[in-house]
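Taking it in order: structure first as structure tokens, then the write-up.
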Amino acid sequence: MADNAAESTNNKHRDVLESTQRVVQSALQKLGYPEEVYELLKEPVRLMTVRIPVRMDDGSTKIFTGYRAQHNDAVGPTKGGVRFHPEVSENEVKALSIWMSLKAGIVDLPYGGGKGGIICDPREMSFRELEGVSRGYVRAISQIVGPTKDIPAPDVMTNSQIMAWMMDEYSRMDEFNNPGFITGKPIVLGGSHGRETATAKGVTICLKEAAKKRDISIEGARVVIQGFGNAGSYLAKFMHEAGAKVIGISDAYGALHDPDGLDIDYLLDRRDSFGTVTNLFKSTISNQELLELDCDILVPAAVENQITKDNAHNIKAQIVIEAANGPTTFEATKILTERGILIVPDVLASAGGVTVSYFEWVQNNQGFYWTEQEVEERLEKVMLKGFQNVYQTAQTRRVDMRLAAYMVGVRKMAEASRFRGWI
Ligand code: NAD
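Each residue of the sequence shown is one higher than the last, beginning at 1 in the UniProt record's numbering.
Written out as structure tokens, the structure is:
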């Protein structure tokens, strides 16, 4: 039964992987690379599947399935988050690792992309069971990860505590303290200032740049955000502080709408650690209704496949900023672009997280730590350069922002693979 569910999730994610591969192929063709470059880059160079036995609180042993995908390590070690979710699948992890390579290329980090995930539901697990899964995963993948090989980080439903357990497990195996093994750690264990808010800060920088391109003033702009977790809730805070009107937010259970602007401070105060807040309200709308609200800027910041060919015609925003990974399908991208809506793609908009993760790794390697202000100034420079690069490419090559981002992102690893003599 469980195996059937995993297989059906994997099939569902095949579309996500295939859409990604299609855009990678178009980007390589536009850049004039031969077909064998695509053959190398269409799949991760390495994919590990692991089975993790964990003693549960009731005394039984449960076997969890996990994955680690390493897309391309021509530029440097691979890097990317570990996701804990019931719907993790092999195809999803593969696609996410490709996106991480593209992000690293866009913001010019010395990394390739990696991604991991475990099929589990942390909302139904105790603290002790979560620790067991986290430590078991690190033991299972220890041969292929490490500070110079592949550096994990947090992702959906994983956090700094989980990173701390993973770092501790790796350090025990290595017999010395090894903070550069993983990023997104608590500050006291070598985490970086500014990591928790980095993704939302990066999205905010892209959002402000995109608004300038469309002559939209942030002051009073109507913003809708899907997802109220790490990315979505901090973005709501930054938008609110910048004078925008956040008129809609959502979580997995529903959405809230107020055309006059929601009370963001109250919502931030009441959300739980999984980004849930709508359960406190009687009058909610659905996530689908949220996406179709009349607004200036729409930010999907939850899960994949939210804007599809079925609702793309009903999106009313002028700008869509993808804080989530893969929220817009291939067909929907075409529809939105034809309708003149500016899409700032995930591989650019959400690159702030991996950028500050890189800063954390640099600080761990040098053993010298930066202030929050130093981190933010460096992040802003990196994101602005990434945005301008992608926007310019879109203008000069007359392609949409997603294809432009893939062209910018794929070039560095294609070149590095060529110089190494792989292709
Ligand atoms: P999170 O787990 O902190 O929050 C996810 C939010 O989405 C929660 O509010 C949850 O209730 C909501 N959600 C879950 N399923 C949903 C559904 N089916 N419909 C609507 N809402 C749903 O996750 P996060 O870290 O904020 O990540 C959100 C997205 O941003 C993911 O796609 C993630 O890959 C991407 N991202 C995050 C980071 C980061 O540093 N956090 C970096 C890059 C990309």
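Every residue gets a Cβ at the ideal spot worked out from N, C-alpha and C, and that includes glycine.
It should be emphasised that the depicted structure is a prediction, and the values quoted were computed from it without experimental measurement.
Cα-Cα separation between residue i and residue j, rounded to whole angstroms
{"i": "Phe228", "j": "Asn4", "result": "31 Å"}
{"i": "Lys282", "j": "Asp155", "result": "30 Å"}
{"i": "Ala301", "j": "Asn365", "result": "31 Å"}
{"i": "Asn305", "j": "Tyr391", "result": "24 Å"}
{"i": "Val24", "j": "Leu102", "result": "9 Å"}
{"i": "Tyr170", "j": "Glu131", "result": "13 Å"}
{"i": "Val45", "j": "Ile144", "result": "12 Å"}
{"i": "Ile119", "j": "Ala6", "result": "8 Å"}
{"i": "Gly81", "j": "Leu379", "result": "19 Å"}
{"i": "Arg186", "j": "Glu35", "result": "Note that residue 186 corresponds to Pro in the displayed sequence, not to Arg. Rounded to the nearest angstrom, the two C-alpha atoms are 44 Å apart."}
{"i": "Glu78", "j": "Gly421", "result": "One point to set straight first is that residue 78 is Thr, not Glu, in the sequence displayed. So the two alpha carbons sit approximately 19 Å from each other."}
{"i": "Ala404", "j": "Glu331", "result": "17 Å"}
{"i": "Gly114", "j": "Asp294", "result": "37 Å"}
{"i": "Ser26", "j": "Asp260", "result": "42 Å"}
{"i": "Gly243", "j": "Gly220", "result": "6 Å"}
{"i": "Val356", "j": "Thr197", "result": "9 Å"}
{"i": "Phe359", "j": "Gly190", "result": "11 Å"}
{"i": "Asn311", "j": "Thr328", "result": "10 Å"}
{"i": "Phe387", "j": "Cys206", "result": "7 Å"}
{"i": "Ser142", "j": "Arg123", "result": "26 Å"}
{"i": "Val88", "j": "Ile423", "result": "32 Å"}
{"i": "Val303", "j": "Pro86", "result": "13 Å"}
Status (buried if at least 16 other CB within 10 Å, exposed otherwise) for residue i
{"i": "Leu336", "result": "buried"}
{"i": "Met1", "result": "Confidence at Met1 is low in this model, with a pLDDT of 46, below 50, so the placement of that residue should be treated as unreliable; the coordinate-derived value is given next. So Met1 ends up on the exposed side."}
{"i": "Val138", "result": "buried"}
{"i": "Arg222", "result": "buried"}
{"i": "Lys385", "result": "exposed"}
{"i": "Leu17", "result": "buried"}
{"i": "Ser19", "result": "buried"}
{"i": "Tyr38", "result": "buried"}
{"i": "His313", "result": "exposed"}
{"i": "Lys412", "result": "buried"}
{"i": "Phe84", "result": "buried"}
{"i": "Phe368", "result": "exposed"}
{"i": "Val188", "result": "exposed"}
{"i": "Met100", "result": "buried"}
{"i": "Leu256", "result": "buried"}
{"i": "Met173", "result": "exposed"}
{"i": "Gly59", "result": "exposed"}
{"i": "Gly275", "result": "buried"}
{"i": "Leu96", "result": "buried"}
Which listed residue (the options) has its alpha carbon closest to that of residue i
{"i": "Asp296", "options": "Met239, Thr197, Leu403, His193", "result": "Met239"}
{"i": "Ala140", "options": "Gly116, Thr158, Ser160, Thr148", "result": "Gly116"}
{"i": "Asn72", "options": "Glu175, Leu47, Glu87, Val223", "result": "Leu47"}
{"i": "Gly66", "options": "Tyr253, Glu372, Val54, Thr276", "result": "Val54"}
{"i": "Glu92", "options": "Pro86, Val107, Lys316, Arg14", "result": "Arg14"}
{"i": "Asp265", "options": "Gly254, Val277, Ala255", "result": "Val277"}
{"i": "Ile106", "options": "Glu292, Ser417, Val354, Gly184", "result": "Val354"}
{"i": "residue 427", "options": "Asn325, Ala69, Asp215", "result": "Only positions 1 to 423 of the chain appear in the structure, and residue 427 is not among them; the question remains open."}
{"i": "Glu90", "options": "Thr9, Val375, Ser273", "result": "Thr9"}
{"i": "Ile285", "options": "Gly248, Pro86, Ser160, Trp361", "result": "Gly248"}
{"i": "Asn159", "options": "Gly146, Met383, Asn279, Arg195", "result": "Arg195"}
{"i": "Thr61", "options": "Leu28, Ser97, Val133", "result": "Val133"}
{"i": "Glu372", "options": "Met157, Gly146, Lys201", "result": "Lys201"}
{"i": "Glu410", "options": "Asn325, Thr49, Asp108", "result": "The residue you asked about is not Glu; residue 410 is Val in the sequence shown. Measuring from the Cα of Val410, the nearest candidate turns out to be Asp108."}
{"i": "Ser417", "options": "Leu28, Arg22, Leu40, Lys334", "result": "Leu40"}
{"i": "Lys213", "options": "Glu374, Gly340, Phe419", "result": "Gly340"}
Same chain, Cβ closer than 7 Å to residue i, five either side skipped, listed in chain order
{"i": "Pro110", "result": "Val75, Gly76"}
{"i": "Arg51", "result": "Ile63, Thr65"}
{"i": "Ala210", "result": "Ile319, Ile321, Leu342, Val344"}
{"i": "Tyr33", "result": "Ala414"}
{"i": "Glu43", "result": "Lys94"}
{"i": "Glu129", "result": "Val54, Met56, Asp57"}
{"i": "residue 434", "result": "Shown here, the chain extends from 1 to 423; a query on residue 434 therefore has no answer."}
Residues near residue i in its chain [Cβ-Cβ closer than 6 Å; skip 5 each side]
{"i": "Thr182", "result": "Correcting the residue identity first, residue 182 is Ile in this sequence and not Thr. Result list for Ile182: Pro152, Met163, Met166, Met167, in chain order."}
{"i": "Ser250", "result": "Gln226, Asn287, Leu290"}
{"i": "Ser126", "result": "Asp57"}
{"i": "Glu241", "result": "none"}
Beta-carbon contacts of residue i that lie in its chain and below 8 Å, excluding the five residues immediately before and after
{"i": "Val399", "result": "Lys30, Thr393, Met407"}
{"i": "Val203", "result": "Ala231, Leu235, Val299, Ala301, Ile321, Ala323, Ala349, Ser350, Gly352"}
{"i": "Met401", "result": "Leu342, Ile343, Val344, Pro345, Leu348, Val390, Tyr391, Ala394"}
{"i": "Val307", "result": "This sequence places Ile at residue 307; Val is not what is there. Correct list, in chain order: Leu291, Pro300, Ile315, Val320, Pro327, Thr328, Thr329, Ala332, Leu336."}
{"i": "Val246", "result": "Val223, Val224, Ile225, Ala236, Met239, His240, Gly261, Leu262, Ile264"}
{"i": "Phe176", "result": "none"}
{"i": "Gln363", "result": "Gly190, Ser192, Tyr369, Trp370"}
{"i": "Leu280", "result": "Arg270"}
{"i": "Pro147", "result": "Pro77, Asn178, Gly180, Phe181, Trp361, Asn364, Asn365"}
{"i": "Gly136", "result": "Ile52, Pro53, Val54, Phe64"}
query = Can you list, in chain order, the stretches of the beta strand (DSSP E) that have 3 or more residues and sit fully within the segment 266-310?
reply = You should have 297-300.
request  = Can you check the segment 25-81 for any alpha helix (DSSP H) of at least 4 residues that lies completely inside it and give the ranges in chain order?
outcome  = The qualifying runs are 35-41.
Inside the segment 90-119 only - alpha helix (DSSP H) runs reaching at least 4 residues = The DSSP assignment places complete alpha helix (DSSP H) segments of no fewer than 4 residues inside the segment 90-119 at 90-106, in order along the chain.
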